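Undergrad: Structure in structure tokens, see below.
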Amino acid sequence: MTSIAPTLQSFFTDRVVRQRQASPRTIAAYRDALRLLLGFVQQRAGITQGRTALPSMRL
Numbered sequence: 115m116t117s118i119a120p121t122l123q124s125f126f127t128d129r130v131v132r133q134r135q136a137s138p139r140t141i142a143a144y145r146d147a148l149r150l151l152l153g154f155v156q157q158r159a160g161i162t163q164g165r166t167a168l169p170s171m172r173l
């Protein structure tokens, strides 16, 4: 299992900032939405924050 953090970091630094040239407000909105999503997934799957990994997110 791999951590989801590097994937999200890559998404924000490569795709959103460089390729899409998104505004700081757009990036903040994406960040906030992903925090909510990950919190929901962690609660629903019963996993701890440090244990979130891509394969474990299949609900």
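Each residue of the sequence shown is one higher than the last, beginning at 115 in my numbering.
Don't be surprised by glycine CBs; every beta carbon is placed ideally from N, CA and C.
What you are looking at is a predicted structure, and each value in this text was computed from that prediction instead of being measured.
1) According to DSSP, what are the bridge partners of SER124?
2) If you draw a straight line from the alpha carbon of LEU122 to that of ARG145, how long is it in whole angstroms?
3) Check for me: the alpha helix (DSSP H) holding GLN156 runs from which residue to which?
4) I need the DSSP call for GLN133, collapsed to helix, strand or coil.
TA: So, from the data block:
1) DSSP lists no partner for SER124.
2) 9 Å
3) 138 to 159
4) helix
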